[in-house]
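Undergrad: Residue numbers (numbering that gives the first Met the number 0): 0 to 81. All C-beta atoms, glycine included, are put in the ideal place defined by N, C-alpha and C. Before we start, here is the structure in question, set down as structure tokens.
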Amino acid sequence: MKTRYDSRATDHHFKEGDLVWMYNPKRRRGLSPKLQQNWEGPYVVKKLNDVVYRVQRSPNAKPKVIHINRLAPYRATDHSPK
Numbered sequence: 000m001k002t003r004y005d006s007r008a009t010d011h012h013f014k015e016g017d018l019v020w021m022y023n024p025k026r027r028r029g030l031s032p033k034l035q036q037n038w039e040g041p042y043v044v045k046k047l048n049d050v051v052y053r054v055q056r057s058p059n060a061k062p063k064v065i066h067i068n069r070l071a072p073y074r075a076t077d078h079s080p081k
């Protein structure tokens with residue numbers, strides 16, 4: 000069962016040092032869940048195995064071990080006026 004799930008869950012492959020979003024649906028009191036942000040980031044990734052990555056927001060931050068199904072690629076946008 001685990002191998003079937005892991006084989007299906009590897010849609011993205013991240014290289015070491017890539018920037019990613021991390022899914023973390025925290026519920027805050029007093030705010031509508033629909034309007035709360037579920038994605039945090041960007042985080043820098045380090046691959047531990049095919050489906051598990053270590054993410055860290057800054058060099059001094061505590062690293063977190065996260066499954067690949069909670070990660071999404073971070074695409075930087077250029078907001079400079081033309």
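If you draw a straight line from the C-alpha of Arg-53 to the C-alpha of Asn-23, how long is it?
TA: 15 Å
Undergrad: So, with DSSP's three-state summary, where would you put Leu-70?
TA: strand
Undergrad: Taking Leu-18 as part of the beta strand (DSSP E), name the residues at either end of that continuous run.
TA: 18-22
Undergrad: For Pro-62, which three-state DSSP category applies?
TA: Three-state result, Pro-62: coil.
Undergrad: Would you kindly work out how many angstroms separate the C-alpha atoms of Asp-77 and Arg-56, rounded to a whole number?
TA: Taken atom to atom, the span from the alpha-carbon of Asp-77 to that of Arg-56 is near 21 Å.
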